[in-house]
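Taking this note's numbering, the leading residue of the sequence shown gets 538, the next gets one more, and so forth. Where is the CB? At the ideal position from N, CA and C, for every residue including glycine. Structure, as structure tokens:
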Amino acid sequence: MLFTCSLNEPEKNSQILVQPISLTFTKNVTSKKSIISNYGGGKLSWQIADKPDWIEVSKSSGKVTTGKDTITVTADINQETGTYSGTISITSNGGNKGVTVFLNLETWITRRSMPTARYSFATCVLDEKIYAIGGKDGRNYLTAMEVYDPATDMWTKKSAMPTARSCLTSCVLEGKIYAIGGENNNGFKSSVEIYDPVTDSWSSGVALPLPLVLLSCNVVDGKIYAIGGVWSYSAGEGDHPTYEFDPNTGQWTEKRKMPTLRAGHGACVIDSKIYTFGGVGLHVAFRDLEVYNPATDSWEIKNKMPASRFYFGSGEVNGKIYAIGGSRIPPSLLSVVEEYDPSTDTWLKKTDMPTARWGLSSCTVNGQIFVIGGAKSTSEDAEAFSIVEAYDPES
């Protein structure tokens, strides 16, 4: 539903400016700021002329000579599941403006597609933006890096990674992105390349002790933990190393191995512990959940995930872990979403992802898990997706 209002004739010396002109709300983001400024002369008098019933504002009128008025706009999320839109109409003696407002209470939301369709790539979050790195588009290994801003639903291209590769992993340490491992036409990689977002440039880091693909990496207490992965297809389709990288010494150190030999698994951090789950071994997909405690260099076995799967998406929201999509063995693409609660050591089935896929990647920003890219089959030269679907576990 749209709300409109009649226009007033602006006074010569007063001109209204409202920023931003669009606000989007979800169940997790219910309140935002809107700024009203007078970029003309004289005194600007403004008032809210109309608004949707599900929107509240912190003040309905004001006067601005110099400086600005800031109003808090809040959406009432106690509505039926669905999407809502409307306009906050602001009239003044310096002209009229409208702020478009959206409220999305769906569990899954389709967002702007990634510019480069790809699968078997890495993602990580820095400053509430998602960085998509490398991967494959079918036949080609990629160097492309693209950044997604969930706040604006926009993608931006950044400096390409020096080494084209897929099946890599990534994480953020001290404000920089580490792209680790992977493979290309020249074989498996131990390469570590570091991206600096301030300079939009790449540099070489300390290589892994072994070339690895399909591994995971997480940061706990200022150190990187690279876990699992493939180091030789001839030795099986998985391995179970655990390596710790300390930036103070610039060295990788081998730690206690993961109990289950696997690759293509999920990994999330809760309370400084790394939860690893799913993955693939020698012609078998796993359900196993194992928790690594870096403080004690020890592993603990937990309740298995209901659906065996590998190369799936994962994320943590409010202390719970989510496993999304992936593939079984024999190959069968999944849309299944399952939630793990560490406090009860139990799994619960949730609303399926709209698009079944494998080789996808995912990141959590502001309580939503953004599931990106992936492949339409598990074949070597599979057609790649560019789709982005956002999952709100609280909806």
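For residue j and residue i, the rounded distance between their alpha carbons
i, j, result
"Ile667", "Gly852", "13 Å"
"Lys694", "Thr881", "42 Å"
"Leu747", "Asp606", "58 Å"
"Val806", "Pro589", "40 Å"
"Ser923", "Gly759", "32 Å"
"Leu544", "Ile627", "Because the pLDDT of Leu544 is 40, which lies under 50, any placement of that residue in the model is unreliable, and the question is left without a value."
"Ala669", "Thr603", "43 Å"
"Ile553", "Glu876", "48 Å"
"Tyr576", "Val873", "52 Å"
"Gly724", "Tyr685", "30 Å"
"Gly632", "Ser559", "18 Å"
"Lys634", "Phe562", "20 Å"
"Ser574", "Asp587", "19 Å"
"Ile714", "Ser738", "11 Å"
"Ile625", "Arg648", "24 Å"
"Ala912", "Glu791", "33 Å"
"Trp884", "Gly765", "23 Å"
"Val925", "Gly818", "28 Å"
"Gly672", "Ala844", "25 Å"
"Gly801", "Lys600", "58 Å"
"Trp789", "Ile731", "15 Å"
"Lys794", "Thr888", "34 Å"
"Lys580", "Gly850", "54 Å"
"Pro699", "Glu781", "24 Å"
Own chain partners of residue i with C-beta closer than 7 Å, once the 5 adjacent residues on each side are dropped
i, result
"Cys704", "Ser657, Gly719, Glu720, Val750 and Leu751"
"Gly675", "Asp918, Ala919, Glu920 and Ala921"
"Ala697", "Thr680, Ala681 and Met682"
"Thr915", "Ser864, Pro868 and Trp895"
"Thr567", "Thr611, Ala612 and Ile614"
"Val757", "Val806, Ser809, Ile811 and Pro831"
"Val854", "Thr901, Gly904, Ile906 and Pro930"
"Arg655", "Gly672, Lys673, Asp674, Leu679, Gly910 and Ala921"
"Lys841", "Arg824, Asp825 and Leu826"
Beta-carbon separation (whole angstroms), residue i vs residue j, contact threshold 8 Å
i, j, result
"Trp895", "Tyr848", "5 Å"
"Asn565", "Asn903", "6 Å"
"Ile858", "Met890", "Contact flag wrong, Cβ pair sits at about 16 Å."
"Ser740", "Thr706", "The Cβ separation is near 18 Å, so there is no contact."
"Gly856", "Pro879", "7 Å"
"Gly623", "Val610", "The Cβ separation is near 11 Å, so there is no contact."
"Ser595", "Val636", "That pair is no contact at about 14 Å."
"Cys708", "Asn785", "Actually they are not in contact, since the Cβ atoms of Cys708 and Asn785 sit about 17 Å apart, beyond 8 Å."
"Arg799", "Gly816", "4 Å"
Cβ neighbour criterion (16 or more within 10 Å) applied to residue i
i, result
"Pro867", "exposed"
"Glu774", "With a pLDDT of only 45 at Glu774, under the threshold of 50, the placement of this residue in the model should not be trusted; the figure read from the coordinates follows. With 16 or more Cβ atoms within 10 Å of its Cβ, Glu774 is classed as buried."
"Glu827", "buried"
"Gly742", "buried"
"His820", "exposed"
"Glu837", "exposed"
"Asp783", "exposed"
"Lys886", "exposed"
"Thr901", "buried"
"Thr833", "exposed"
"Asp808", "exposed"
"Thr660", "buried"
"Lys726", "buried"
"Ser769", "exposed"
Residues near residue i in its chain [Cβ-Cβ closer than 8 Å; skip 5 each side]
i, result
"Ser598", "Ser582, Trp583, Gln584 and Ile585"
"Glu643", "Thr618, Gly619, Thr620, Asp929 and Ser932"
"Gln616", "Trp591, Leu640 and Leu642"
"Ser899", "Thr660, Gly850, Ser851, Gly852, Ile861, Ile906, Phe907, Val908 and Ile909"
"Asn722", "Tyr678"
Proximity winner among the options, relative to residue i (alpha-carbon distances)
i, options, result
"Asn677", "Ala701, Asp590 and Ser595", "Ala701"
"Met651", "Tyr732, Asp690 and Thr883", "Asp690"
"Pro778", "Ala688, Pro796 and Ile592", "Pro796"
"Leu897", "Trp836, Ala822, Gly803 and Val854", "Gly803"
"Ile967", "Lys794, Lys580, Ser835 and Lys569", "Since the displayed the chain opens at 538 and closes at 932, residue 967 lies outside it and no answer follows."
"Ala744", "Val729, Phe814 and Val735", "Val729"
"Thr736", "Leu870, Gly712, Ala716 and Val756", "Gly712"
"Phe823", "Thr813, Pro831 and Glu791", "Thr813"
"Glu665", "Glu926, Ala912, Ile906 and Val925", "Ile906"
"Gln556", "Ile608, Lys580 and Gly579", "Ile608"
"Ile717", "Arg655, Tyr762 and Lys673", "Tyr762"
"Pro687", "Ala659, Lys913 and Val908", "Val908"
"Leu663", "Gly672, Glu781, Leu710 and Lys580", "Leu710"
"Lys839", "Trp692, Val767 and Asp825", "Asp825"
"Leu870", "Trp692, Ala893 and Lys794", "Ala893"
Close-in-space but distant-in-sequence residues of the same chain around residue i (CB under 6 Å, 5 per side omitted)
i, result
"Tyr829", "Ile811 and Trp836"
"Ile646", "Ala927"
"Asp733", "Lys713"
"Gly578", "Asn550"
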